[in-house]
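Peer 1:
Number of protein chains: 2
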Amino acid sequence: MDVGGTSVRAGVVDADGALLDTAHAPTPRGEAALEATVARVIGELAARHPIGAAGLALAGFITPDLRGVRFAPHLSWRDAPVADRIAARTGLPIVVEHDANAAALAERHFGAAAGASTTVFVALGTGIGAALLIDGVLFRGAHGVAPELGHLRVVPGGRPCACGKSGCWERYCSGTALATTAVEMIAREPGLSPALRRLVVDDPGRVTGRRVAAAARDGDPLATAAVADLARWLGEGLALVADVFDPELVVIGGGVSASAPLFLDDAREHYAARLTGAGRRPLARIRTAQLGEDAAVVGAARLARDAC
Amino acid sequence: MDVGGTSVRAGVVDADGALLDTAHAPTPRGEAALEATVARVIGELAARHPIGAAGLALAGFITPDLRGVRFAPHLSWRDAPVADRIAARTGLPIVVEHDANAAALAERHFGAAAGASTTVFVALGTGIGAALLIDGVLFRGAHGVAPELGHLRVVPGGRPCACGKSGCWERYCSGTALATTAVEMIAREPGLSPALRRLVVDDPGRVTGRRVAAAARDGDPLATAAVADLARWLGEGLALVADVFDPELVVIGGGVSASAPLFLDDAREHYAARLTGAGRRPLARIRTAQLGEDAAVVGAARLARDAC
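As you go down the protein sequences, you meet chains B and L in turn. The letter at position 220 of the first sequence is residue 209 when you use the working numbering, and the numbering goes up by one with no holes. The letter at position 139 of the second sequence is residue 128 when you use the working numbering, and the numbering goes up by one with no holes.
1. Might you give, ordered along the chain, the residues of its own chain that have their beta carbon closer than 7 Å to the beta carbon of residue 251 (chain B), omitting 5 neighbours on each side?
2. Any chance the segment 33 to 44 of chain L sits against the segment 276 to 296 of chain L, with 3 or more Cβ pairs inside 8 Å?
3. By Cβ distance, which residues of its chain are closer than 8 Å to residue 253 (chain B), with the 5 residues on each side in sequence left out?
4. Is any beta-carbon of chain L found at less than 9 Å from that of residue 227 (chain B)?
5. Taking the CB atoms as reference points, tell me whether residue 60 (chain L) and residue 269 (chain B) lie closer together than 9 Å.
6. Identify the continuous beta strand (DSSP E) that holds residue 242 (chain B) and give its terminal residues.
7. Report yes or no: do the segment -1 to 8 of chain B and the segment 29 to 39 of chain B share at least 3 C-beta pairs separated by less than 8 Å?
8. So residue 236 (chain L) contacts chain C; which residues on that side make the cut at Cβ distance below 8 Å?
9. Is residue 178 (chain B) helix, strand or coil when you go by DSSP?
10. Chain L beta carbons: is any one of them nearer than 9 Å to that of residue 175 (chain B)?
11. CB-CB under 8 Å to residue 209 (chain B), same chain, minus the five flanking residues each way: which ones, in chain order?
12. Beta carbons nearer than 7 Å to chain B: which residues of the segment 96 to 108 of chain L have them?
13. Tell me the rounded alpha-carbon separation between residue 27 (chain B) and residue 149 (chain B).
14. Leaving aside the five residues before and after residue 248 (chain L) along the sequence, list all residues of the same chain whose C-beta is less than 6 Å from its C-beta, in chain order.
15. Helix, strand or coil: which one does DSSP assign to residue 129 (chain B)?
16. Along the chain, where does the beta strand (DSSP E) containing residue 205 (chain L) start, and where does it finish?
17. Please state the DSSP three-state secondary structure of residue 59 (chain B).
18. If we ignore side chains and look at the alpha-carbon of each, how far apart do residue 126 (chain L) and residue 76 (chain L) end up?
19. Need the endpoints of the beta strand (DSSP E) that residue 86 (chain L) sits in, please.
20. For residue 67 (chain B), which beta-bridge partners are listed by DSSP?
21. For residue 87 (chain B), which residues in chain L fall below 7 Å Cβ to Cβ?
22. What residue range is occupied by the uninterrupted beta strand (DSSP E) comprising residue 140 (chain L)?
23. Just the Cα atoms here: how many angstroms apart are residue 111 (chain B) and residue 80 (chain L)?
24. What three-state label does DSSP hand residue 19 (chain L) in the structure shown?
25. Please decide whether residue 242 (chain B) counts as near chain L, where near means a Cβ-Cβ distance under 9 Å.
26. Could you list which residues in chain B have their beta carbon closer than 9 Å to that of residue 162 (chain L), in chain order?
27. Residue 131 (chain B) to residue 25 (chain B), Cα distance in whole Å?
28. Could you check whether residue 168 (chain L) and residue 196 (chain L) sit closer than 9 Å to each other, using their CB atoms as the reference points?
29. Closer than 8 Å by beta-carbon distance: list the chain B residues that pair up with residue 230 (chain L), in chain order.
30. Mind checking residue 191 (chain B): buried by the 16 CB within 10 Å criterion, or exposed?
31. Using a Cβ-Cβ cut-off of less than 9 Å, list which residues of the segment 142 to 166 of chain L approach chain B; keep chain order.
32. Of the choices B:66, B:48, B:244, whose alpha-carbon is the least far from that of residue 21 (chain B)?
33. Just to make sure I have the definition right: I need the residues of chain B whose C-beta is within less than 9 Å of the C-beta of residue 50 (chain L). Which are they?
34. Compare the C-alpha of residue 175 (chain B) against each of B:159, B:211, B:226, B:145 and name the closest.
35. Measuring straight from C-alpha to C-alpha, what distance separates residue 300 (chain B) and residue 31 (chain B)?
36. For the beta strand (DSSP E) that contains residue 49 (chain L), what are its first and last residues?
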């Protein structure tokens, strides 16, 4: 199950990573209401399939035993023993995992990272979710919170971020960032993109990353420049991560990765140019994720299978 | 053996990490001359002790099999099969390792990182050398070059670096950086430190990190401010590394760590303040290295013992 801020989406996944059935519901506020909803959606699928265990993927800090949620910015759980509570409601073994970790594991077992050794998974969506794999095993760090790549300061003197810092990677490299960049560019050069400008005048909130990417695919020069800006910062941020982690493979996932053909070659060039010791060390391969929006569900199921 | 840009220093190390004897020589230019010197110094010790194997620690890119040197900025070797060449000259099994990796391993087995799980080792010297340990094992990345922390861009809009980037961590957090910061401060406020200013007027090169640290220990206000600047960037850079690697422990080594009491508490506060999710995740411990300048020699010997 992918427990998101607006909806919970669950799937029945077999041993080969195939998604056999799905169910979903809106995400309620309040811990008990959320637990009731999660249990009800699992129960709906359990009524139709023999289910051995369930994994919950969510954006937040998970306890090292994969049973509790310390903090999840878009959910009601705070220092909550989520696995025990859902297990009590469903009678199933439950594990909890960071959604980017779950998605990365799915890509490793069934997708773009199959067979790779040291891998960085970067999901570009509303923000950045990230995961590290070493020889197919998730690297969780000492406190189970690694990595927090979205708030690496990649852009000197950059946009302020809700986290209190500025120039954070996800403020320049995400669906939200793509929209922000386009709106900034329209303010500077209103004539460059009449189509996007009409949206801004109407309501800047209507300029979304998806719409900017679509305009870029249609050849809109301003949207193309906004995507090129994302490509630049994607490459620069990956170079920074590589200086710490030296991956063999980088997998780009999340909703924005659907537009990867627009920016991945550019990002590769920026990455190669900014890497410390460029020219004297092998470059990581950079690939697009293969499992799309189902990755977190498939990965959570895989974890549940292993843990139970 | 620690193969440095100005001298090679070798030691005989027993199974408990104790240094029994030492020998050294100036570092010559040219591959063959360097190999002859390394072999001669090893031979000098082998004449006095029964030696089973030798490890060479150096600053540079090492091949994944720990037998070759791809590139070492201060040494003549370029894509050189160093282990085979030294083995042919000495008749001993030889391994080669990055000097920060060797020092980190020594601290893990015999020093400040004993028993620690996920550890970041940062050596502050002329530049920054760094190493990562996961459960006592060196993490080398996919290409054996992780981590290159000295050139992380930590300071937005910061000093240009010889690597081609700007704001690199080691330009603000190293012995060299401490001197640079002091010289910049003297230019802005000449009256603040008559003692250091006399050095600058004479020859700015006489302001060294060691002298600035000594002046700070004596209460010099400008030197104290320069050390506080180093502490700030040490904390900020460590927060960035922790966002990727989430360590349990950070060990600060290198020559500058002799002055750690002047800056480590400040650095801890900056680290805690800049960490993503500060207040919602456990903090890494930050400690000073224990083995001093012998760390690389002791670690290289430990590796040689394991590898042979």
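Think of the CB as a built atom: it goes at the ideal place given N, C-alpha and C, for glycine as much as any other residue. Nothing here was measured: the structure is a model prediction, and the numbers come from that model.
Peer 2: Answer, in terms of the structure:
1. So the list reads 202, 205, 206, 216, once near-sequence residues are dropped.
2. Yes, the segment 33 to 44 of chain L is in contact with the segment 276 to 296 of chain L.
3. 220, 241, 275, 277
4. no
5. yes
6. Note, residue 242 (chain B): beta strand (DSSP E), 238 to 242.
7. yes
8. Absent from the structure is chain C; the protein chains it does hold are B and L.
9. coil
10. no
11. 182, 184, 185
12. 106, 107
13. 35 Å
14. 202
15. coil
16. First-last for residue 205 (chain L): 198 to 206, but that is the alpha helix (DSSP H), not the beta strand (DSSP E).
17. strand
18. So the alpha carbons of these two residues sit roughly 25 Å apart.
19. 83 to 87
20. B:60
21. Neighbours of residue 87 (chain B) on chain L: none; closest Cβ ~12 Å, over 7 Å.
22. It is not in any beta strand (DSSP E) - residue 140 (chain L) carries neither H nor E in the DSSP assignment.
23. 48 Å
24. coil
25. no
26. Going along chain B, no residue has its Cβ under 9 Å from residue 162 (chain L), so there is no contact; the nearest lies around 15 Å.
27. 32 Å
28. yes
29. 233
30. exposed
31. 142, 143, 144, 145, 146, 147, 152, 153, 154, 155, 156, 157
32. Check the Cα spacing between residue 21 (chain B) and each of B:66, B:48, B:244: the tightest is with B:66.
33. 266, 269, 270
34. B:211
35. Nothing about residue 300 (chain B) can be reported from this structure: the residues present for chain B run from -10 to 297 only.
36. Segment: none, residue 49 (chain L) is in no beta strand (DSSP E) and carries neither H nor E.
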